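Residue numbers (numbering that gives the first Met the number 0): 0 to 423. All C-beta atoms in this analysis are idealised placements derived from N, C-alpha and C, irrespective of residue type, glycine included. As the structure is a prediction and not an experimental result, all values here were calculated from the model. Following: one structure in structure tokens, then a few remarks.
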Amino acid sequence: MSERLYYSDSFLATFDAKVTDVREVARGDGESVWQLALDRTAFYPASGGQPMDYGALSAISRGGAALEVPVEQVEEDEHGEVWHFVRKPLTAGTAVRGQIDWNRRFDHMQQHTGQHLLSAVFLKELQVPTVSFHLGDSVSTIDLAGTVPARHSLERVERVANEIIGEDRLVSVNYVARAEAEAMLAAGILRKLPERDGQIRIITIADCDRNACGGTHLRSTGQIGGLLLRNVEKVSRGVRVEFACGLRAVRAARADAVLLGETAGALSVGAADVPGAVTRLLNEAKSGAKERQRLREELAAYHASRLAVEVPIQDGLRLVERSWKDRDRDYVKMLASRTVSAAPETVVIFCAEEANPARVVMARSLGLEFDCGRVLREALAELGLRGGGSPDLAQGEVPIAQADALRRKLAEVVRRTVAKAAAI
Ligand SMILES: [Zn+2]
Numbered sequence: 000m001s002e003r004l005y006y007s008d009s010f011l012a013t014f015d016a017k018v019t020d021v022r023e024v025a026r027g028d029g030e031s032v033w034q035l036a037l038d039r040t041a042f043y044p045a046s047g048g049q050p051m052d053y054g055a056l057s058a059i060s061r062g063g064a065a066l067e068v069p070v071e072q073v074e075e076d077e078h079g080e081v082w083h084f085v086r087k088p089l090t091a092g093t094a095v096r097g098q099i100d101w102n103r104r105f106d107h108m109q110q111h112t113g114q115h116l117l118s119a120v121f122l123k124e125l126q127v128p129t130v131s132f133h134l135g136d137s138v139s140t141i142d143l144a145g146t147v148p149a150r151h152s153l154e155r156v157e158r159v160a161n162e163i164i165g166e167d168r169l170v171s172v173n174y175v176a177r178a179e180a181e182a183m184l185a186a187g188i189l190r191k192l193p194e195r196d197g198q199i200r201i202i203t204i205a206d207c208d209r210n211a212c213g214g215t216h217l218r219s220t221g222q223i224g225g226l227l228l229r230n231v232e233k234v235s236r237g238v239r240v241e242f243a244c245g246l247r248a249v250r251a252a253r254a255d256a257v258l259l260g261e262t263a264g265a266l267s268v269g270a271a272d273v274p275g276a277v278t279r280l281l282n283e284a285k286s287g288a289k290e291r292q293r294l295r296e297e298l299a300a301y302h303a304s305r306l307a308v309e310v311p312i313q314d315g316l317r318l319v320e321r322s323w324k325d326r327d328r329d330y331v332k333m334l335a336s337r338t339v340s341a342a343p344e345t346v347v348i349f350c351a352e353e354a355n356p357a358r359v360v361m362a363r364s365l366g367l368e369f370d371c372g373r374v375l376r377e378a379l380a381e382l383g384l385r386g387g388g389s390p391d392l393a394q395g396e397v398p399i400a401q402a403d404a405l406r407r408k409l410a411e412v413v414r415r416t417v418a419k420a421a422a423i
């Protein structure tokens, strides 16, 4: 079993080791990946919520050539062995030098140690325990029990955490027996204890937090650099708090500043006036939409009375057929209702051809013995299309190319039906 060098020295970036085992894993894309086990490793495998390390292994081949293989993935199996995923096989017994991607590791240690600190401060300041946490390649979060804390409480937690970072308190590692760890947990001096036997690894932030953890940590809180709380949202079992530490916090704050600057620029206001400007715009949009609707209704009423004048009643029927390429379907429907209610003995067959398929609307005045829903449904069904509605008003969709033919067909049915009713 591989000796885990990061347990005793999380700042070890280069190490010498021997390959103890190799196995080939065929992947779906036909390429092979080899998994190497080493007698000792500084590579952190994906586990415990902390992302894995990347890096490289270098070796001297039998022919004497220097060889370097990137380590693309590091995982531990159920027996506790650590496997390094590479694209070239190295035989067991090969001496290798491992080099981990230090920038990535240091960033993870900042986020991880920052998480210990943040969880401790949330517990101390707001009495809310951490239920779980996630350290991602770009976003880190902790899930807290309870409801979303007030803004001033979040600001206090952030301030206290940063004060502890500024005090550069020692972060230390020691091991205790399981029974002792359980006693510490019961006494309330250990924040968390995982389900595992044997020696328990305890991470202590001086005068702040004690936590059982197998991850990699910084030597002191000052190395966290700084901690920024970001998005806070309600989730199914509590509250999710996004945070960033170190340069990540700086990058996140910079990205936010750029976004805010662009938004303020687009609104032609200063950054501090963005919320007010957005509220004003939303209110204007709301009242604009209301006014537009009122004008549309007014227009539809005038439009309806003009159509009634344009088309006289012939043989007991005013049949108004129209198509528009520049009117939306809601307006055309409103116009249909207005026209048949404004003028007696009227049937309208309207088409909104603003989009394809076109919307066909059919409506009739009260008193006409005529079922718009049935007539339209049957006419559409002949074209393999669907639609329908009530006897008063019906709608359907038809490809623009077939819209004129459909309208003519509907007009013919309407004339025939009304003529037949008049004859009786
Ligand atoms: Zn930890």
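Where DSSP assigns a beta bridge to residue i, which residues make up the other side?
| i | result |
| --- | --- |
| Ala16 | Val95 |
| Glu261 | None; Glu261 has no bridge partner. |
| Val73 | His83 |
| Trp33 | Glu23, Val85 |
| Ser46 | Gln49 |
| Cys350 | Ser322, Val359 |
| Leu227 | Ala243 |
| Glu408 | It is Lys, not Glu, that sits at residue 408 in the sequence shown. Lys408 pairs with nothing; no bridge assigned. |
Please name the residue, chosen from the options, that lies closest to residue i on a Cα-to-Cα basis.
| i | options | result |
| --- | --- | --- |
| Gly245 | Ile204, Ala180, Gln109, Glu297 | Gln109 |
| Ser364 | Ala380, Pro128, Tyr174, Ser336 | Ser336 |
| Ile199 | Ala180, Asp206, Thr215, Gly214 | Ala180 |
| Cys207 | Ile164, Leu259, Asp100, Glu75 | Ile164 |
| Asp325 | Thr90, Ala55, Ala178, Glu353 | Glu353 |
| Arg61 | Ser137, Ala94, Glu194 | Ala94 |
Helix, strand or coil: how does DSSP classify residue i here?
| i | result |
| --- | --- |
| Val138 | coil |
| Ile423 | coil |
| His216 | coil |
| Arg209 | strand |
| Val310 | coil |
| Leu384 | coil |
| Ala149 | coil |
| Ala64 | coil |
| Thr338 | helix |
| Ala248 | helix |
Would you please state the rounded distance, in angstroms, between the beta carbons of residue i and residue j? I believe it to be under 8 angstroms.
| i | j | result |
| --- | --- | --- |
| Gly113 | Thr13 | With 8 angstroms as the limit, Gly113 and Thr13 do not qualify as a contact, their Cβ atoms being about 25 angstroms apart. |
| Val439 | Ala378 | Nothing can be reported for residue 439: it is not among the residues displayed for the chain, which extend from 0 to 423. |
| His83 | Leu37 | 7 angstroms |
| Ala342 | Arg317 | 6 angstroms |
| Val249 | Thr262 | About 20 angstroms; that fails the 8 angstroms criterion. |
| Ala402 | Ala357 | 5 angstroms |
| Leu143 | Val127 | 5 angstroms |
| Glu320 | Ile348 | 5 angstroms |
| Val172 | Glu124 | Not quite, the Cβ-Cβ distance comes to about 25 angstroms (not below 8 angstroms), so this is no contact. |
| Leu437 | Val397 | Only positions 0 to 423 of the chain appear in this structure, which leaves residue 437 out of reach. |
| Leu48 | Leu134 | Before going on, a small fix: residue 48 reads as Gly here, not Leu. Contact holds; Cβ gap of about 6 angstroms. |
| Gly395 | Val359 | 5 angstroms |
Between the beta-carbon of residue i and the beta-carbon of residue j, is there less than 9 angstroms?
| i | j | result |
| --- | --- | --- |
| Glu241 | Val231 | yes |
| Val70 | Phe42 | yes |
| Leu466 | Gly387 | Since the first residue shown for the chain is 0 and the last is 423, residue 466 is missing from the structure and cannot be characterised. |
| Thr345 | Ala299 | no |
| Ser201 | Ala211 | Reading off the sequence, residue 201 comes out as Ile, not Ser. Yes. Within cutoff. |
| Gly372 | Ala393 | yes |
| Pro50 | Glu74 | no |
| Ser1 | Glu80 | yes |
| Leu259 | Leu280 | no |
| Thr220 | Ser9 | no |
| Gly213 | Val130 | no |
| Val23 | Arg86 | Residue identity check: residue 23 is Glu in the sequence provided, not Val. For Glu23 and Arg86, no; Cβs fall outside 9 angstroms. |
Is there a C-beta anywhere in chain D that falls below 9 angstroms from the one on residue i?
| i | result |
| --- | --- |
| Ser340 | You won't find chain D in this structure, because it holds only one protein chain. |
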